[in-house]
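Numbering (this note's numbering), first residue to last: 2 to 507.
Single-structure report; data block below.
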Ligand SMILES: Cc1cc2nc3c(=O)[nH]c(=O)nc-3n(C[C@H](O)[C@H](O)[C@H](O)COP(=O)(O)OP(=O)(O)OC[C@H]3O[C@@H](n4cnc5c(N)ncnc54)[C@H](O)[C@@H]3O)c2cc1C
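As structure tokens, this is what we get:
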């Protein structure tokens, strides 16, 4: 295999994750330089993750005890969604991360959700069925006192700035060259490939591949290659956020009870995140400027948090959508430069990691001499990443479509005024009918990252059920009794360690 030189442009989370994973996966076949501006700050939000990120740390052999304390990290068992639904018994639901421990109780949940679809009066709120929901409620970590033959799916919360610093220290040890300068110009080959990027000091940096991790500005993918942006604004209208960090009362000491969940609570014109870190809370309000101005959003967030004006707030714009191509010429766009779906399910770093892994395969393929199929593989690469983005967009969209709030125009419009792709419309119709929802999920969403369980949790968790009794949803009339499910979960949780005990041991 030949050896390639890669330049990663950008030192945010996407840049460092790309540099490290590419160094690991391409090994001796690649030299990697990460270039970042000393003047353009990283976005610095992005504190919630999905279980996929565990693979990132595993592949790099970075143990939890090595990175978690350095990044003020906590465990995440799932996301709680209060106040999206006003329906009795469904005012709050938990989207859990799943594990083999859920096998039987999960089946009870699917069964009861289908009974509920058939008009049978049974509890179908996912809160009561899954182990991680119980762990999160009690602030327990996903680590069992005795080793299990399998691992639970879980994720983390962390301080994005500290993670960047930590990854940088690992990257330099792995041989990634780190250079600070502003890139102001680009030189191209005749075939359109980028030949070199030029710094404001006049330095010319050449490479075989350029990884554009320059954030929303898309220095290479947009400003140089002009790859069109496919906006999601007709389906997802939130385009701004305000973030406020609140320190714990004694930041030097681990609080006694730290939740192991993200809370994503609906407010009057959007939703608020609350993310627990070991030394502070990360909070924010995601909203649309069509309904709320900056000052109103900040005021509403401060009121919801019960905090004074002395604690500073940061306002952010969000460009929601994706590139039509994430790989063009010799440039891969990764991170905010390639696109962004609003952070309701904390999926951005998952998409980053997914794109890096596919980019590594593509580069390794090319270095191995598979150039003849280049255009073929580019098309496939771009289609795959686009499907992932659109799949996340669809799942997030359904949160808005199924809300039942009536307290503002924002929530009414979220039900009635959004563009709904045909596949999503069809899925919702099937859920509301007596047709086989499992067949439907298998058919439309087999390539989507959201499993059958996640779709059930979302739709049942919001309390979306047919108004008219359906005659023939495929269920026996026998409901699965809740009591043994609760007992099983309560027994399971007794074997898990408190989060503060686990973290204190690191
Ligand atoms: C409100 C909000 C909440 C979010 N919450 C989550 C979440 O919970 N979970 C999640 O996974 N993600 C979340 N995200 C997304 C997450 O923040 C980003 O995906 C992540 O931080 C990666 O950003 P980035 O590295 O692509 O860009 P940035 O952090 O913006 O980094 C860009 C880098 O490029 C460099 N650069 C730019 N131009 C030049 C130039 N000309 N020359 C040299 N260097 C240059 C900058 O110096 C910087 O280092 C959230 C985003 C927003 C807006």
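Every residue gets a Cβ at the ideal spot worked out from N, C-alpha and C, and that includes glycine.
Check whether residue i and residue j have beta carbons under 8 angstroms apart
i           : j           : result
residue 394 : residue 236 : yes
residue 342 : residue 233 : yes
residue 18  : residue 33  : no
residue 272 : residue 345 : yes
residue 336 : residue 11  : yes
residue 211 : residue 63  : no
residue 163 : residue 72  : yes
residue 129 : residue 459 : no
residue 14  : residue 157 : no
residue 1   : residue 195 : With the chain covering 2 to 507 only, the question about residue 1 has no answer from this structure.
residue 401 : residue 415 : yes
residue 142 : residue 436 : no
residue 114 : residue 457 : yes
residue 324 : residue 230 : yes
residue 126 : residue 481 : no
residue 292 : residue 411 : yes
residue 438 : residue 27  : no
residue 119 : residue 486 : no
Supposed close pair residue i, residue j - CB separation, criterion 8 angstroms
i           : j           : result
residue 131 : residue 103 : 5 angstroms
residue 183 : residue 40  : 6 angstroms
residue 443 : residue 276 : Contact doesn't hold; Cβ gap of about 33 angstroms is too wide.
residue 82  : residue 265 : 5 angstroms
residue 240 : residue 318 : 7 angstroms
residue 187 : residue 35  : The pair is not a contact, with the Cβ atoms about 17 angstroms apart (cut-off 8 angstroms).
residue 201 : residue 185 : 5 angstroms
residue 494 : residue 135 : 5 angstroms
residue 1   : residue 483 : The first residue shown for the chain is 2 and the last is 507, placing residue 1 beyond what the model contains.
residue 52  : residue 154 : 4 angstroms
residue 366 : residue 261 : Rounded, the Cβ-Cβ distance is 40 angstroms, inconsistent with contact.
residue 289 : residue 213 : Contact flag wrong, Cβ pair sits at about 28 angstroms.
residue 327 : residue 348 : That pair is no contact at about 15 angstroms.
residue 259 : residue 87  : Actually they do not touch by this definition, with Cβ atoms about 30 angstroms apart.
residue 419 : residue 445 : Not really, about 18 angstroms apart at Cβ, beyond 8 angstroms.
Cβ shell of residue i (< 8 angstroms), same chain only, five flanking positions each side left out
i           : result
residue 257 : 501
residue 70  : 279, 504 and 507
residue 61  : 21, 22, 25 and 171
residue 496 : 145, 146 and 147
residue 489 : 105 and 106
residue 308 : 245 and 247
residue 4   : 29, 30, 31, 32 and 368
Sequence-distant residues of the same chain with beta carbon closer than 6 angstroms to residue i, five excluded per side
i           : result
residue 316 : 243 and 295
residue 360 : 333
residue 314 : 243, 245 and 299
residue 403 : 463 and 465
residue 351 : 51 and 53
Buried versus exposed, by CB contacts within 10 Å (16 or more), residue i
i           : result
residue 417 : exposed
residue 369 : exposed
residue 29  : exposed
residue 89  : exposed
residue 219 : buried
residue 38  : buried
residue 193 : exposed
residue 253 : exposed
residue 151 : exposed
residue 117 : buried
residue 468 : exposed
residue 165 : buried
residue 169 : buried
Residues near residue i by beta carbon distance below 7 angstroms, same chain, minus five either side
i           : result
residue 268 : 286, 301 and 305
residue 197 : 188, 205, 206 and 207
Interface flag, residue i vs chain B, CB-CB below 8 angstroms
i           : result
residue 205 : In the displayed structure, chain B is absent; only one protein chain is listed.
Distance cut-off 7 angstroms: residue i Cβ against heavy atoms of ligand 2
i           : result
residue 232 : Summarising the ligand content, the structure contains ligand 1 and does not contain ligand 2.
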